[in-house]
Amino acid sequence: MPFPTGTSRRRALTGVLLALGLTVASSACNSGEDAGGTPGTIKIGLLASLSGTYEAVGTEIRDGFELYLRMHDGKLGGHKIDLIVADEGNGAQTAVPAATKLIKQDRVQALTGIVGGGSVAGVAPVLAEAKIPFVGSNGNPGLKDVSRSWFTSYLSDETGAAIAEYVRDNVKGEVFAIGPNYQGGYDQLRGFTDTFKEVGGKLANPDGKTLWTPFPQTTNFLPYFAKIKASGAEAVYTFYAGTAAVDFVKQYAQSEIKDLPLYAAGFLTEGGVLNAQGEAARNIYSVLNYSPDLDNAENRSFVAAWKENHDGSPTTYAMASYDAAAVLDKAIGAAGDNPTAESINKAIAGLGQIDSPRGTWQFSKTTHSPVQKWYLRQVRQDGRALSNTVVGDLATVGG
C-alpha cells in the first residue's frame, strides 16, 4: 500500500513513529537542537589583530581558542561550534567594522578575543545594541557597563600595580617611567606610577609624570634613553608590546642606560618578541599573570597540547583565550537545551572558580575581570633558549 500524500501522509508517518515509541523532532535553528534532538551549532565570533603591530598577539589569541576547541572535539557545552574569525587590525578604526559584521551579518551569539583596550571601547556600543555576551581575552579598558562583558585577562592597570611595591623595595633610588601614548599604555603605566607613589616610591621623571612616546610611529628610542640618563634614574619601568617591544629592548641593550635594571609589564618579553629580542632581553624583570613553567595539572596539559602544533611555549595571550573558550564551554553547557545570547550571559554570571593554566581564578562581581595571582618573572637561560622564568609570587589583584 503506498504512503498517503500531503497532510494525511504526515499524520500516518507520525502515527507509525509514535507506535514505535519515538518522538517527532521539530526543525531547529542555529542554536539549540538539530532534527533528531542532538545539540545544534552555535556561532562564536573571534576578533583579533591578525595584521599590524600586534599580529603576533592576535595570532596567539586565535590559536589559544582553537586549541581548546580541538581538545574538546570542536564543541563547547556539548554544541558544535562554528568559529568565525575576523581581523581587528591596529585599533578601533578597523575593529569596529569587523565586529559589526560578525554581529549583524554573521549573527554570532557571543564574541571573544580583541587585543587592544581601545578596540574594546570602540566595539562596546555595538555589543550593547546587539545584547550579546563578550568574553574578552586581552584588552580591558575598564568599561563602566560590564553587564554583558567578561574578561579572562586583567584590568590594564593591575599589571603595574602588582609589581610597584616590589620595585620600591628593590631599587635604591628613583625609577623612570616610559611608555606608548595610547589607551593601553596610559592604563598600564598609570597602574604602576599611581601605586608606586602610594607606597612611597619616587619617579625620576623631571615632572613626576610618565614620558610618552608617539605610537605607533616611534621606532628610534635612543633620544628617550638620553633623557632617562640625564634624569639620574636608578631603574626603568615600562610597557611595550609587539614590534615596539622588540625595538625598545634591542636599543636599550645597546644604549648608555643598558646597565640600569629594567622592569616591565610582562608583554615586553612575552611570546615571539622574546625570540626576536634574543640576548638583549636577558635579565629583564617582568610581571604577568602567567608563565608556562607554572606547576599545576591544567598547565601541564595545556603546554603539552600547545607544543604539539607550535614551536616554543604558550603565552599569556594564548592562555587567556584558552580560558575564554573554557568559560564559554561551561556557560553554554549550563544555558539549557537551546542556548541564546541572553542565557549564555546569565550562565557566565553564575560561574564560580575556573581551573586554569595560570592557577584557579574567578570573575570579580564588580569588574567582571579575574581575581588572580600575579607572578614576578625574569628572562633567564632555559636549556638552549631564553625564557620568562617565574622567580616569585607578587600580589593577588582584582575585585
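Those letters in the sequence shown? Residues -28 to -1, 1 to 371, by mature numbering (1 follows the signal peptide of the UniProt record, and there is no 0). Each residue gets a CB set at the ideal place from its N, CA and C atoms; glycine is no exception. Being a predicted model, the structure only gives us computed values, none of them experimental.
Asked, Found
"Rounded C-alpha distance that separates GLY12 from PHE106", "21 Å"
"Endpoints, the alpha helix (DSSP H) within which GLY94 is located", "89 to 102"
"Enclosing alpha helix (DSSP H) for ASP141 [first to last residue]", "130 to 142"
"Test: PRO105 CB closer than 7 Å to a CB of chain D", "Any reference to chain D falls outside this structure, which holds one protein chain only."
"Best match in ASP327, SER315, ASN153 and PRO113 for proximity to VAL92 [C-alpha to C-alpha]", "PRO113"
"VAL362 - partner residues in DSSP beta bridges", "ARG349"
"Boundaries of the alpha helix (DSSP H) in which SER328 is found, first to last residue", "Where SER328 is concerned, there is no enclosing alpha helix (DSSP H), given that its DSSP letter is neither H nor E."
"Exposed unless 16 or more other CB atoms sit within 10 angstroms - verdict on residue 373", "A question about residue 373 goes unanswered here, because the residues of the chain that appear run from -28 up to 371."
"Beta-carbon separation (whole angstroms), ILE326 vs VAL363, contact threshold 8 Å", "Between VAL363 and ILE326 the Cβ distance is about 25 Å, and since that is not below 8 Å, they are no contact."
"CA-to-CA distance, TYR289 to ASP265, given in whole angstroms", "15 Å"
"Per-residue DSSP class, three states only, for residue 384", "Residue 384 lies beyond the stretch modelled for the chain, which goes from -28 to 371, so this question has no answer here."
"Integer-rounded CB distance, given that THR124 should sit under 8 Å from ALA292", "5 Å"
"When ASP166, VAL29 and PRO233 are compared against ALA217, the one with the closest alpha-carbon", "VAL29"
"Distance CB(GLN81)-CB(LYS15) smaller than 7 Å", "yes"
"Neighbourhood of ALA165 by C-beta distance below 7 Å, restricted to the same chain and skipping five residues each side", "First, the amino acid is wrong: residue 165 is Thr here, not Ala. So the list reads ALA149, LEU175 and THR182, once near-sequence residues are dropped."
"Ordered list of beta strand (DSSP E) runs contained in the region 163 to 196, each at least 3 residues", "183 to 185"
"Among SER328, LEU260, HIS282 and PRO195, the one whose alpha carbon lies nearest that of GLU130", "LEU260"
"Given GLY322 as reference, the closest of GLY17, THR332, SER336 and ASN310 once Cα atoms are compared", "SER336"
"GLU280 versus LYS144: straight-line alpha-carbon distance, rounded", "45 Å"
"Chain-order list of residues whose beta-carbon lies under 8 Å from that of TYR347 (same chain, five-residue window excluded)", "VAL259, LEU260, ASN261, TYR262, SER263, LEU266, VAL362, GLY364, ASP365 and LEU366"
"C-beta contact flag for SER68 and ARG34 at 7 Å", "Just to set this straight, residue 68 is Val in the shown sequence, not Ser. No. Outside cutoff."
"Span of the beta strand (DSSP E) around ILE75", "It is not in any beta strand (DSSP E) - ILE75 carries neither H nor E in the DSSP assignment."
"DSSP-derived helix/strand/coil call for ASP54", "strand"
"Sufficient close CB pairs (3 or more, under 8 Å) joining the region 299 to 312 to the region 46 to 57", "yes"
"Simplified DSSP state of TYR26, which is helix, strand or coil", "coil"
"Bridge-paired residues (DSSP) for TYR209", "ALA149 and TYR235"
"GLY163 and ALA133 closer than 7 Å at C-beta", "yes"
"GLY108 and ILE86 closer than 7 Å at C-beta", "yes"
"Among ILE135, TYR224, SER128 and GLN334, nearest to ILE320 - alpha-carbon criterion", "GLN334"
"Three-way DSSP call (helix, strand, coil) for GLY370 in this model", "coil"
"Environment of ARG27 [buried if 16+ CB atoms lie within 10 Å]", "Note that residue 27 is Glu in the sequence shown here, rather than Arg. Flag for GLU27 reads buried."
"Whole-angstrom C-beta distance between ALA313 and ILE104, which should lie under 8 Å", "4 Å"
"Host beta strand (DSSP E) of SER121 (start-end)", "121 to 123"
"Distance CB(GLY157)-CB(PHE220) smaller than 7 Å", "no"
"Residues that VAL343 bridges to, as DSSP identifies them", "GLN334"
"Euclidean distance between Cα positions of LEU19 and ASP295", "16 Å"
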